[in-house]
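Only one structure is covered here, and it is reproduced in the block below.
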DNA sequence: CTGAAAGCGCTTACAG
DNA sequence: CTGAAAGCGCTTACAG
């Protein structure tokens with residue numbers, strides 16, 4: 001059960017634990033340990049398969065080489081993909097990832113933060129919920145926000161996408177395809193990323209002199225379940241038969257939207273155009289395939305970890321807050337092609 | 001930066017760190033600390049927002065309250081869902097989860113195991129790769145395997161599904177629906193779960209006196225990429241035009257299969273029946289929807305964590321190895337209905 | 001009823 | 001060139 005420690009090596013090598021520690025931490029040269037002793041220690045450590053106890057090291061140095069990753073929902077494909085990249089990249093720098101899902105629930109998020117804090121993680125990557133700003137500010141360790149941020153807090157690091165541009169691009173695309181009465185399905189969430197998507201939608205309509213009034217905007221409570229979303233969207237569609245296209249503010253809404261549209265017998269693309277924010281396997285494979293503005297998942301993950309590591313490795317002077325805003329990519333598919341009649345597989 | 005410690009509380013309360021530790025660990029009564037002192041300590045701890053340093057505690061007690069979760073791929077929806085449940089359930093017992101993806105690569109898996117080991121995790125939930133048995137046996141801590149196990153190693157705990165039954169059910173369903181020439185698309189993986197799915201397939205055909213020869217079995221290298229799978233499946237279909245139904249041994253293969261079938265202009269369900277192992281959002285939403293045998297994801301996650309916690313909490317005597325084999329549920333959808341012509345949305 | 005002391009396994013300033 | 005010692009923040013056997 002008990003692992004082998006630095007003492008065991010010291011004993012076998014006939015030197016002190018200090019010397020062993022120096023050699024094993026690559027400070028042999030610097031501390032001018034003789035070649036001979038160094039080699040002997042390394043050999044014994046290898047033979048004994050010595051693995052330093054990270055707990056002891058962490059207690060002493062204050063560094064655990066662990067980062068806390070807080071996402072909205074690890075079972076959501078977007079967050080799962082980001083988590084994968086974060087894990088991979090963190091590994092390259094010798095960091096491990098402790099994760100948790102908030103379900104966008106403030107209390108869950110606060111609990112998570114507390115647990116990670118007293119586990120002494122070195123830094124955090126956080127998808128914040130509403131009203132989490134104070135808790136995050138109190139963290140005393142490097143933090144990088146993702147997916148959303150607090151617009152009124154100047155000094156936070158974040159990696160987000162250009163939600164406004166994404167929505168604007170999506171809606172402009174629908175306009176160019178000839179759709180004229182475009183609605184948005186979004187949530188009541190007051191969070192910045194949702195607000196920006198709505199702004200992008202409205203702005204695109206106005207730029208193209210299309211109606212952007214109240215009745216083309218449908219906000220759903222974000223805590224509905226799948227059936228609830230489908231029901232609400234279906235109802236909205238039935239009450240607004242003049243709509244000829246819809247922009248869905250999240251892929252989750254888009255997926256529910258597919259079911260809603262289908263349930264009332266409309267054909268996507270021909271009867272009603274559709275673009276969703278955020279890609280999903282379903283959108284690519286669906287017949288007809290669904291146009292979307294896709295988030296650069298790989299790059300988001302990479303940027304997050306690199307930004308955090310940079311903070312971690314030279315956190316001596318507080319560097320200026322880093323902001324990365326990535327563009328989304330329009331992926332044109334059949335759901336926004338009114339002219340093309342789709343052949344079913 | 002420095003957190004507040006037991007010493008700070010001791011000082012403010014005018015008692016020793018020992019007393020503080022006793023009280024904070026709920027051993028006040030047992031150690032017969034006076035009510036008065038206990039209350040004072042608790043009040044001060046609350047005021048100072050004391051959080052025990054888990055590193056120090058772990059170093060002393062040997063317990064980190066952390067479990068290592070090794071999956072094949074956290075970005076795969078099945079594993080992401082299991083991870084979510086594991087995280088949630090672990091949390092209820094005060095455990096946090098450190099995770100990693102193997103990509104089914106032996107070397108990556110070994111690296112992961114090593115890292116988790118020297119981070120002193122209390123126990124492991126592992127989706128093993130091939131040849132990982134020795135490393136796992138050497139772990140010295142409770143382990144529960146998932147998704148697959150080592151048939152030649154008797155004393156391991158695991159939670160798996162009944163792969164044979166699942167495949168058997170899927171194929172029998174196709175037979176009952178009237179399909180007569182059924183093929184399987186699987187991988188060359190030698191792992192137990194894939195072997196059992198193939199066995200279930202063959203057995204079902206034989207029971208129904210249908211041909212189960214070589215040419216209804218297509219094994220693909222499991223390290224192909226998406227395009228490679230699609231190409232291989234397409235080719236196989238073109239060379240075996242007499243097939244009237246396919247059983248896909250994983251949802252990933254099934255998804256590629258949809259694209260392959262579509263690419264050669266066949267209609268799923270009517271031209272060629274289809275059932276996949278393991279559900280996926282795409283299968284539910286696809287037109288036509290895809291029949292599958294679904295894994296009980298929630299229950300898998302719950303069982304895993306409960307089995308591990310049970311080992312953890314009374315690991316004094318080595319209890320008998322626990323084996324849980326869960327059944328899969330046949331979800332009948334349009335892809336296995338030859339008679340019903342599907343109306344496209 | 002309470003406390004001094006040892007020890008978990010490291011790292012590092014200090015001394016020689 | 002090398003080592004003794006302190007200390008990170010806890011827990012717990014032991015003593016009184």
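Protein chains in written order, with the UniProt record's numbering: chain C, 1 to 345; chain W, 1 to 345.
Even glycine gets a Cβ: it sits at the ideal position worked out from N, Cα and C.
Quick caveat, the model's predicted, so the values are computed rather than measured.
Ranking 320(W), 338(W), 293(W) by CA distance to the CA of residue 328(W) puts 293(W) first. Taking the CA atoms as reference points, residue 153(C) sits about 9 Å from residue 137(C). Contacts with chain W at 8 Å (Cβ-Cβ) include residue 101(C).
Under the Cβ criterion of 8 Å, residue 80(W) is counted among the residues facing chain C.
When rounded, the separation of the alpha-carbon atoms in residue 47(C) and residue 127(W) is 29 Å. About 19 Å separates the beta carbons of residue 189(C) and residue 230(C), which is beyond the 8 Å limit, so they are not a contact pair. Proximity of chain W to residue 231(C) at the Cβ level (cut-off 9 Å) is not reached, the minimal Cβ distance being about 17 Å. The segment 296-303 of chain W and the segment 80-94 of chain W touch, with no fewer than 3 CB-CB distances between them shorter than 8 Å. A contact between stretches requires three or more CB pairs, one per stretch, nearer than 8 Å, and the segment 267-287 of chain W meets this requirement with the segment 236-248 of chain W. In this structure residue 119(W) touches residue 54(C) by the C-beta definition: roughly 5 Å separates them, less than 8 Å. Neighbours of residue 118(W) in chain C, taken as residues whose beta carbon is under 9 Å from its own, are 3, 51, 52, 53, 54 in chain order. Put simply, of 13(W), 50(W), 312(W) the residue whose alpha carbon is nearest the alpha carbon of residue 36(W) is 13(W).
It is roughly 11 Å from the alpha-carbon of residue 170(C) to the alpha-carbon of residue 205(C). Annotation for residue 236(C): the continuous alpha helix (DSSP H) segment containing it runs 226-239. Across the set 158(W), 167(W), 70(W), the C-alpha of 167(W) shows the shortest separation from the C-alpha of residue 202(W). Counting C-beta pairs closer than 8 Å gives fewer than three between the segment 55-62 of chain C and the segment 17-30 of chain C, which falls short of the contact rule. Residue 44(C) sits away from residue 280(C), with the two beta carbons spaced by 8 Å or more. Pairing residue 307(W) with residue 144(W), the inter-Cα distance amounts to about 7 Å. Rounded to whole angstroms, residue 278(W) and residue 234(W) show a C-alpha spacing of 21 Å. Counting along the chain, residue 252(W) sits inside the alpha helix (DSSP H) bounded by residues 251-263. In this structure, residue 23(C) sits near residue 38(C), with a CB-CB distance shorter than 8 Å.
Taking C-beta separations shorter than 7 Å and ignoring five residues to either side along the sequence, the partners of residue 130(W) in its chain run 106, 190, 191, following chain order. Contact between the segment 153-165 of chain W and the segment 86-103 of chain W is not established, with fewer than three Cβ pairs separated by less than 8 Å.
The C-beta distance from residue 258(W) to residue 237(W) rounds to 12 Å, too long to fall under 8 Å, and the pair is not in contact. Within chain W, the residues whose beta carbon sits less than 9 Å from that of residue 97(C) are 98, 99, 100, listed in sequence order.
Separation of residue 207(W) and residue 172(W) (C-alpha to C-alpha, rounded to the nearest whole angstrom) is 9 Å. Here residue 121(W) really is in contact with residue 68(W); their C-beta atoms are around 4 Å apart, less than 8 Å. Contact between residue 150(C) and residue 133(C) holds, since their C-beta atoms are separated by about 5 Å, short of 8 Å.
Residue pairing by DSSP puts residue 157(C) in a beta bridge opposite 144(C). The C-beta separation of residue 283(W) from residue 254(W) comes to about 7 Å, placing the pair in contact by the 8 Å criterion. Counted as a single uninterrupted DSSP element, the stretch harbouring residue 72(C) is not any beta strand (DSSP E), since DSSP gives it neither H nor E.
Contacts with chain W at 8 Å (Cβ-Cβ) include residue 287(C). With contacts defined as CB atoms closer than 8 Å, residue 276(W) and residue 240(W) fail to qualify as a contacting pair. Residue 306(W) sits in a helix when the DSSP states are folded into three classes.
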